[in-house]
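Visitor: Just dropping this structure here.
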Amino acid sequence: MSILDDPGLFGRLWAASYDRTDNPDPAATVEFLAPLAGDGRVLELAIGTGRVALPLAARGVPVEGVEASPEMVAQLRAKPGGDRIPVTIGDMADVPVTGPYTMVFLVFNTLFNLVREERQADCFRNVARVLAPGGAFVVETFVPDPAGFDRDEQVQMRAVTEDSATIRLHQYDRAAQTFVRQTITFDRDGVHLKPFAMRYAWPEQIDELAERAGLRLAERWADWDRSPFGPESRAHVSVYRTA
Ligand SMILES: C[S@@+](CC[C@H](N)C(=O)[O-])C[C@H]1O[C@@H](n2cnc3c(N)ncnc32)[C@H](O)[C@@H]1O
């Protein structure tokens with residue numbers, strides 16, 4: 007199977023170390039999401055190890071999840087409260103649950119883990135299917151910065167120690183708006199590859215996917231603290247609502 011078509015790849019490669027990496031503090035995300043939940047059920051797509059879902063559930067919000075990777079869910083289950091969150095293993099593009107949900111959310115750039123435009127469109131269409139009337143779909147992603155990929159190929163040095171070296175290679179396909187990345191470590195045991203791919207999209211393109219699914223943009227912020235979104239913003243938090 008191609009790296010571009012394997013939703014379980016991320017978890018197989020990263021689950022064991024995910025919570026040891028420098029992931030963002032979820033406090034502001036939880037502050038933003040909790041009031042939007044109302045008194046209904048809430049769904050996180052790509053719930054991962056529960057970075058956001060667990061503190062949200064601790065606020066009394068009834069959170070459920072969809073996740074492609076059993077390895078990520080095993081990490082969630084091992085945490086306090088992690089065994090009480092219902093999780094369906096499956097592809098977030100299919101949204102393999104029935105709802106209705108007052109809110110669905112997909113954070114931390116994870117929409118872009120769907121590496122084909124049609125699967126991103128499927129995701130929006132299926133979210134619209136499970137949202138309650140007036141429900142919200144909250145999406146957080148980066149805004150692509152063309153200066154970051156002015157060349158189609160990039161090599162970055164990540165770490166060099168006495169007995170290992172890690173580099174990162176990016177190959178961009180600007181027409182398809184995708185990149186494939188390899189994080190390569192050379193050490194005494196050999197060469198270790200960690201592939202990763204994304205299909206990035208500009209905010210207007212994401213709005214178009216939403217509109218095609220019958221959702222309209224209700225709010226857009228530059229961050230979870232509701233700082234204003236503008237031309238210089240490097241990320242956005244967008245709230246779509248059912249018509
Ligand atoms: C960057 S992590 C984010 C996890 C969590 N939402 C968070 O904010 O910490 C990306 C997650 O997306 C999951 N994932 C990637 N592609 C997926 C897909 N097609 N369907 C469901 N989950 C997917 C990965 O397994 C991983 O748990």
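Here the sequence shown stands for residues 7 to 249, where the numbers follow my numbering. We put the beta carbon where it would ideally sit given N, CA and C, even for glycine.
(1) Starting from residue 107, trace the beta strand (DSSP E) both ways and give me its first and last residue.
(2) Looking only at its chain, what residues have a beta carbon closer than 7 Å to the beta carbon of residue 4, apart from the 5 residues adjacent to it on each side?
(3) Which residue spans inside the stretch 22-54 form an unbroken alpha helix (DSSP H) run of at least 4?
(4) Touching or not, the stretch 163-170 and the stretch 126-137, by the rule of three or more beta carbon pairs under 8 Å?
(5) Taking only the alpha-carbon atoms, compute the straight-line gap between residue 15 and residue 75 and give it to the nearest angstrom.
(6) Taking DSSP's pairing of strands, which residues face residue 244 in a bridge?
(7) Rank 125, 88, 171 and 17 by C-alpha distance to the C-alpha of residue 205 and give the top, closest one.
(8) Compare the C-alpha of residue 113 against each of 17, 65, 186 and 49 and name the closest.
(9) Alpha carbons only, please: which of 185, 220 and 18 is nearest the one belonging to residue 130?
(10) Return the residue from the list 232, 143 and 156 that minimises the CA-CA distance to residue 47.
Guide: Let me lay it out:
(1) 107-112
(2) As displayed, the chain neither begins before 7 nor continues past 249, which places residue 4 out of reach and without an answer.
(3) 33-42
(4) no
(5) 8 Å
(6) 145 and 226
(7) 125
(8) 49
(9) 220
(10) 143
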